[in-house]
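Protein chains in written order, with our numbering: chain S, 1 to 330; chain H, 331 to 660. Cβ atoms here follow ideal geometry from the backbone N, Cα and C, with glycine treated the same way.
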DNA sequence: GTGGTGTGTGTAACGCGTTACATATTATAT
DNA sequence: ATATAATATGTAACGCGTTACACACACCAC
């Protein structure tokens, strides 16, 4: 690989001049510029980003931390962040944290050694003490991780309430909730939204809430427990689509017709919900948009050095599919 | 951030000695080692990987190129490669290529500037001329990209034949194929496996093969075309699971009962196939294993400097689910 | 005692761009 | 005409580890 010295020699200038041509700064005589450009061309020279990073202390790399890319909610988010990253000539690093704070911290430390410029993080588990001492920009995505961090999220609580109101509206009279993990801020908000909508109902009982772990299998079992305990349930709001599919499977396995006997609505709007039979009604997040926005916000913070905290909340949208059906008020 | 100089000053040694302690090479007096270790501890010193990379010309980063992480086949592969990457203290870069050769090349060039150590690539589109001039180790995964590259794949042809033989075995008498994109080597092999199994049959016609693009929607339409043209079809082998789900949807939309009237078997073994109704019978690849093996092979090539070409082929396995059913030979 | 080997440590060059600073020339202002 | 600013380019230090090489001393062999 040719270096800047080779270019300088060929163009008969100093490396400083070559650098000025490369970075379009400082004064360079037009003719000199042409000679340098020709030399660069001839040698097919590309500057060494590592040397640049060493000098600048910045690497033009950002990372996305997700619990597990195999969870179908995350690929679209990853895609969005990666697209934005590339558009700004950054390099995209992906880290699976398994919601394990030790792994998260190990990643952060390892990446700091590489002069990583910033992190978009989907996490609920990091300790506040650690977060306060981040030395690089961080944007929390999908879940609020700490009040001091910038974040991009959706209106989980209002959206959840809207989901439950929709179930009521189509005639459901006993509506239960399969909740996400208690430690995740968005799961908590969705639960709150559900409670907002049902706590005044005379039929409401706290045993209408079962917990799953944002996973397919756990949700299936939680749903089974719930429906065995409460066969009167005719509407189910599930904390996310992956769990919603689990709930659907559980109901079908018990011989319950969806949406005939039970309407199910979930949350997220991932593609998976379109491939089941019946397809899954959901409160769709603008997944790609929030990912892209988080990445954009991060890069802006990196490049403008402005560390002001920003929070942005997007709105979810009801998508009616086949897992919900209007009941005749016979 | 403390530097090696700070450590050297505090431990009252030269930076060379600190470096020797860090890298456990050269002679260092045990007592000196302790002093240095204490200084490192006290300053919470972490070596700057960028400076290391600059000197070594290697970055301890590898990349995975996939067409699109949103395609549900890739997250598991990505997870495998990332796990292996982390185990070896490398950093994992993810690139979505959209099967666009220009994007692929732009990525390779950009990453070379960062001293990227190697690439695991899922691609069918790169030009042979370019591939031959790669200056870094590359492992082709899932699809053979060029005869000169090491690769990790599965027995696509034999596995496909096995899939079709299975359909025959359960009593299907007219078996069609929804094929993947013609330019992808694995799609070609799967088609060949299908042809191996059916070309001697007296009922076989070339119009029993329709092409989709490894996408859900295209497969749905291809299946619709096929089944409208050939209502006698009672068995369908689909080139991958994502397309298989599309085929399932198309059949259901046409009022065809799966597996009652039509048995469907696909290929890949992704989780998506477990969430549909009926669940999808498939030839499952050991997805995680091939990803992990490719990453392992790559890192081995990087660290041992051995550029010998290696190829490895894993075996697919039939997983019977609900989309296929034995027909009574009435 | 002399040569050889093993141990322990420091000096300085190196990897490759970037930029502060110095110097020189030309253009503009007064 | 002289001061001042703008243009043009080079020199060298810098960022931070790594390592070739030099040097010093201990120990053993003959």
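Partners in chain S for residue i, counting only beta-carbon separations shorter than 7 Å
i: residue 412/H; result: 94, 96
i: residue 374/H; result: Under the 7 Å cutoff, chain S gives no residues; its nearest Cβ is about 10 Å from residue 374/H.
i: residue 400/H; result: 75, 76, 79
i: residue 575/H; result: 275
i: residue 592/H; result: In chain order: nothing, as chain S lies at least about 15 Å away.
Identity of the residues DSSP links to residue i by a beta bridge
i: residue 63/S; result: 93/S, 119/S
i: residue 153/S; result: 313/S
i: residue 235/S; result: 175/S, 263/S
i: residue 649/H; result: 612/H
i: residue 571/H; result: Bridge partners of residue 571/H: none, in fact.
i: residue 587/H; result: Note: residue 587/H sits in no beta bridge, so no partner.
i: residue 598/H; result: 614/H
Closest by C-alpha distance to residue i, when choosing among the options
i: residue 653/H; options: 634/H, 398/H, 591/H, 614/H; result: 591/H
i: residue 444/H; options: 109/S, 49/S, 26/S, 72/S; result: 49/S
i: residue 483/H; options: 469/H, 339/H, 649/H, 416/H; result: 469/H
i: residue 309/S; options: 316/S, 301/S, 315/S; result: 301/S
i: residue 568/H; options: 597/H, 586/H, 562/H; result: 597/H
i: residue 514/H; options: 532/H, 542/H, 531/H, 494/H; result: 542/H
i: residue 582/H; options: 607/H, 356/H, 367/H; result: 607/H
i: residue 471/H; options: 636/H, 626/H, 649/H; result: 626/H
i: residue 189/S; options: 240/S, 119/S, 110/S; result: 240/S
i: residue 222/S; options: 33/S, 177/S, 285/S; result: 177/S
i: residue 282/S; options: 46/S, 264/S, 289/S; result: 264/S
i: residue 369/H; options: 340/H, 441/H, 377/H; result: 340/H
i: residue 279/S; options: 575/H, 599/H, 641/H, 395/H; result: 575/H
i: residue 451/H; options: 419/H, 563/H, 399/H; result: 399/H
i: residue 439/H; options: 75/S, 45/S, 52/S; result: 45/S
Residue i versus residue j - alpha carbon distance
i: residue 173/S; j: residue 414/H; result: 50 Å
i: residue 168/S; j: residue 199/S; result: 13 Å
i: residue 21/S; j: residue 397/H; result: 35 Å
i: residue 304/S; j: residue 136/S; result: 13 Å
i: residue 155/S; j: residue 412/H; result: 32 Å
i: residue 116/S; j: residue 393/H; result: 16 Å
i: residue 330/S; j: residue 258/S; result: Below a pLDDT of 50, predicted positions are generally treated as unreliable, and residue 330/S, at 49, falls in that range; no measurement from the model is reported.
i: residue 157/S; j: residue 193/S; result: 4 Å
i: residue 7/S; j: residue 464/H; result: 22 Å
i: residue 473/H; j: residue 643/H; result: 11 Å
i: residue 247/S; j: residue 197/S; result: 21 Å
i: residue 601/H; j: residue 561/H; result: 30 Å
i: residue 161/S; j: residue 187/S; result: 13 Å
i: residue 2/S; j: residue 43/S; result: 7 Å
i: residue 91/S; j: residue 657/H; result: 54 Å
i: residue 525/H; j: residue 102/S; result: 52 Å
i: residue 180/S; j: residue 125/S; result: 14 Å
i: residue 425/H; j: residue 220/S; result: 34 Å
i: residue 227/S; j: residue 171/S; result: 18 Å
i: residue 481/H; j: residue 637/H; result: 13 Å
i: residue 345/H; j: residue 57/S; result: 20 Å
i: residue 645/H; j: residue 547/H; result: 28 Å
i: residue 273/S; j: residue 214/S; result: 15 Å
i: residue 5/S; j: residue 36/S; result: 11 Å
For residue i, the first and last residue of its enclosing alpha helix (DSSP H)
i: residue 218/S; result: 216-229
i: residue 30/S; result: 30-43
i: residue 409/H; result: 404-417
i: residue 101/S; result: 101-112
i: residue 6/S; result: 4-11
i: residue 516/H; result: 515-528
i: residue 305/S; result: Here residue 305/S belongs to no alpha helix (DSSP H), and DSSP marks it neither H nor E.
i: residue 180/S; result: Neither: residue 180/S is in no alpha helix (DSSP H) and is coded neither H nor E.
i: residue 474/H; result: That residue, residue 474/H, is in no alpha helix (DSSP H); it is neither H nor E in DSSP.
Cross-chain neighbours of residue i in chain H, by beta carbon under 7 Å
i: residue 49/S; result: 443, 444
i: residue 53/S; result: 380
Contact test: residue i Cβ vs the ligand HEM heavy atom, cutoff 7 Å
i: residue 112/S; result: Absence of the ligand HEM is noted for the structure shown, with no ligands found whatsoever.
Residue i - containing beta strand (DSSP E), residue span
i: residue 540/H; result: 539-541
i: residue 611/H; result: 611-614
i: residue 140/S; result: 138-141
Under 8 Å from the C-beta of residue i: neighbouring residues of chain H
i: residue 91/S; result: 423, 440, 441, 444
Per-residue contacts from residue i into chain H (C-beta, under 9 Å)
i: residue 252/S; result: 607
i: residue 141/S; result: Within 9 Å Cβ-Cβ: nothing; residue 141/S doesn't reach chain H, min ~16 Å.
Chain-ordered chain S contacts of residue i [CB-CB under 9 Å]
i: residue 389/H; result: 50, 114
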